[in-house]
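A short worksheet on the structure shown next.
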Amino acid sequence: GLGLSICKRLVELMGGTIGVSSVEGEGSTFWFDVTLEAPRGGIPIWPKGQLAKYSRALVADGDPLAKDTMLKYLRALGIEAQETNSFVRAIKLTELATKEGKGFDLVVFGAGTNIEGALFAASSIAMVDGPKPDFILLDEMRSRLKAGDARFTAILNKPIKQAVLFEALSRNNLVSRRRDDPFPAVALLSEEAVPKAKLRILVAEDNPVNQMLADKLLKGLGYSVHTVADGTEVLEALGRVSYDLILMDCQMPEMDGFETTRRIRMLENETLRNIPIVALTANALVEDARRCVEAGMNDHLSKPIKKEVLRAKLAEWLSPDKIKKSA
């Protein structure tokens with residue numbers, strides 16, 4: 002139930018240790034230690050004069066953790082924050098608050114998978130008689146919303162970071178916008194907010210934890226992801242769907258990454274034969290890199306995968322020029 006084997010693997014991948022201490026009749030305490038880099042820069046100090054515009058906010062999000070996090074961030078700014086897990090309820094709360102002369106200055110929507118619900122709620126709230134609140138959308142999908150169709154002053158990616166929220170509010174300060182204009186241009190502020198084309202990546206990895214990490218990282222970067230567990234499944238997947246790149250674990254059961262790559266390079270289909278393959282290796286050794294090249298792989302990444310290194314590697318191999326050459 003606690004997923005301790007997954008926790009153990011994650012902690013070990015981060016170079017840490019995990020343990021448990023138990024007292025009979027009292028319960029157990031699970032702990033872990035990891036060494037992390039210190040944050041770069043501090044949280045911006047919010048000038049008191051800028052807070053005057055935002056005295057009351059409403060957070061509408063069905064995700065309890067995301068909702069509580071946003072409430073904490075807003076209250077840290079001295080903003081009175083109310084919450085609901087329903088977009089319909091958000092409309093009713095806004096109407097009621099406006100009638101009582103206590104309208105919201107800011108409404109934050111957690112879209113989840115219901116982007117249409119957030120759009121409808123924003124449009125409905127904008128039509129309520131009285132001062133118009135500013136709208137912020139917390140979006141998980143990043144590519145579903147076109148700027149011209151948006152109803153939001155800012156779109157921020159989940160999981161939301163405190164500094165990103167501060168930047169959104171301070172950068173816009175939402176002052177240049179007329180209060181009677183409910184649909185301003187969208188400000189895409191977080192690091193992956195500008196959507197890229199839906200490029201398909203096939204991940205060949207037999208370890209469930211590594212599968213989960215790769216899936217999360219790649220989707221966070223805006224890619225479409227499919228995961229398989231061995232070389233046989235790689236070849237089967239290539240016969241069904243067109244992919245733009247393969248992340249290939251070198252050590253897999255049944256058929257390892259080296260043999261799988263050799264077989265791909267022997268395929269009759271030229272497009273499949275030339276697909277970029279980036280190896281996933283447990284060691285950053287020259288010998289590993291040599292074996293990858295000899296097998297026909299284009300490049301390699303060392304585990305554990307770091308987001309910025311992955312981003313740069315994919316940008317290199319999925320550039321328009323290279324995609325055109327491999328097609």
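Residue numbers (the working numbering): 2 to 328. We put the beta carbon where it would ideally sit given N, CA and C, even for glycine. Given the structure is predicted, the values throughout are model-derived calculations rather than measurements.
Helix, strand or coil for residue i, going by three-state DSSP, please let me know.
i    : result
D106 : coil
I19  : strand
R90  : helix
N208 : coil
I126 : helix
E260 : helix
V12  : helix
D150 : Confidence at D150 is low in this model, with a pLDDT of 45, below 50, so its placement is unreliable and no value can be given for it.
T36  : coil
R292 : helix
A215 : helix
V229 : strand
S191 : Confidence at S191 is low in this model, with a pLDDT of 39, below 50, so its placement is unreliable and the value that follows should be read with caution. Correct three-state label for S191: coil.
A283 : coil
Q252 : coil
I116 : helix
D181 : Annotation note: pLDDT 41 at D181 (below 50); position unreliable, coordinate value reported separately. In the structure shown, D181 sits in coil (DSSP, three-state: anything other than H, G, I, E or B).
S6   : helix
G111 : strand
Going by C-alpha to C-alpha distance, which of the options sits closest to residue i?
i    : options                  : result
S303 : A61, D34, R201 and A215  : A215
N299 : A316, L120 and I278      : I278
D106 : R266, K159, V89 and F136 : F136
F153 : A164, A122 and P132      : A122
C293 : R263, R76 and E237       : R263
F281 : D257, C251 and S243      : Note on identity: in this sequence residue 281 is Leu, with Phe being the wrong assignment. L281 has its Cα closest to that of C251, out of D257, C251 and S243.
L200 : N208, N86 and G221       : G221
G1   : S87, K54 and G102        : Outside the displayed range of the chain (2 to 328) lies residue 1, so it cannot be described from this structure.
M253 : E206, D140 and A238      : E206
A82  : R274, I92 and S56        : S56
G131 : A98, L138 and P160       : A98
L273 : V24, G102, L236 and V35  : L236
Give a yes or no on whether the C-beta atoms belonging to residue i and residue j are separated by under 8 Å.
i    : j    : result
T228 : V204 : yes
K162 : G111 : no
V129 : T95  : yes
T261 : G232 : yes
P305 : L14  : yes
A58  : V109 : yes
A296 : F259 : yes
V21  : S29  : yes
L311 : L218 : yes
Classify residue i: buried if its beta carbon has 16 or more other beta carbons within 10 angstroms, exposed otherwise.
i    : result
L66  : exposed
F31  : exposed
N158 : buried
M267 : exposed
D245 : buried
K314 : buried
A39  : exposed
V242 : exposed
I92  : buried
L120 : buried
If contacts are defined as beta-carbon pairs under 8 Å, then residue i and residue j qualify, I think. What distance do you get, rounded to the angstrom?
i    : j    : result
I126 : D140 : Contact doesn't hold; Cβ gap of about 18 Å is too wide.
Quick check: does the Cβ of residue i come within less than 7 Å of any heavy atom belonging to the ligand NAP?
i    : result
P160 : The ligand NAP is absent from the structure shown, which contains no ligand whatsoever.
Can you confirm whether residue i, when its beta carbon is compared against all beta carbons of chain C, has any partner nearer than 8 Å?
i   : result
T95 : The structure shown has no chain C; it contains just one protein chain.
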